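Heads up: take any position in the sequence shown, counting from 1, add 1487, and you land on the working numbering. In this text, a Cβ means the ideal position worked out from N, Cα and C, and glycines have one as well. Predicted, not measured: the structure shown is a model, and the values here were computed from it. One structure below.
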Amino acid sequence: MAGGVFISQVDAGDSDDDVAIVKQLTGKTPVESDRIHLVMPRTFPNGYTVPLSLEIDSPMTEADHVRHVRVLAPHNPLIEVARFHFVPRRSEPRVSTRIRLAEPQYVLAVVEMNDGALLMNKTWVEVATNGCT
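Okay, here's the thing in structure tokens:
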């Protein structure tokens, strides 16, 4: 990804803080959703290659589909660690990858749907070493 996202760090963890981070980044207020399945290890030995799997419940039709997903790590130097785009009827809204984490923190998945709605879910990941140095 070329470039990055620079916003002031907020003490993430509280749902209100998470909403503030997303609103500052997107200009929209997200809604917490169980349609987003964000799977990461609760603990991982280092922050350099933390596995992440993400799946969103969506039929991926023209009327109801995922536009894109942002993965945010609010305590990283650059908080947007990944962005994925999806196309209706041509892709399934799921991905597996690895990300870097600077410290133990909540990782947020923010999903923009075709109607402009923002959905969000998060999970806590404890890393032993800084993967952003």
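Backbone CA spacing between residue i and residue j [nearest angstrom]
| i | j | result |
| --- | --- | --- |
| residue 1553 | residue 1595 | 16 Å |
| residue 1516 | residue 1567 | 17 Å |
| residue 1619 | residue 1535 | 7 Å |
| residue 1548 | residue 1617 | 40 Å |
| residue 1490 | residue 1558 | For residue 1490, the predicted model reports a pLDDT of 43, less than 50, meaning its position is unreliable; a value from the coordinates is still stated below. About 15 Å. |
| residue 1518 | residue 1577 | 26 Å |
| residue 1610 | residue 1598 | 15 Å |
| residue 1514 | residue 1555 | 16 Å |
Beta-carbon spacing of residue i, residue j below 8 Å
| i | j | result |
| --- | --- | --- |
| residue 1543 | residue 1569 | no |
| residue 1505 | residue 1600 | no |
| residue 1560 | residue 1588 | yes |
| residue 1612 | residue 1528 | yes |
Proximity to residue i [Cα-Cα], best of the options
| i | options | result |
| --- | --- | --- |
| residue 1540 | 1592, 1564, 1616, 1523 | 1523 |
| residue 1571 | 1532, 1565, 1579 | 1579 |
Residue i (DSSP reduced to helix, strand or coil)
| i | result |
| --- | --- |
| residue 1488 | Its pLDDT being 38, under 50, residue 1488 is placed unreliably by the model, and nothing is read from it. |
| residue 1556 | strand |
Contacts around residue i, its chain only, beta-carbon distance under 7 Å, and the 5 residues preceding and following it disregarded
| i | result |
| --- | --- |
| residue 1526 | 1540 |
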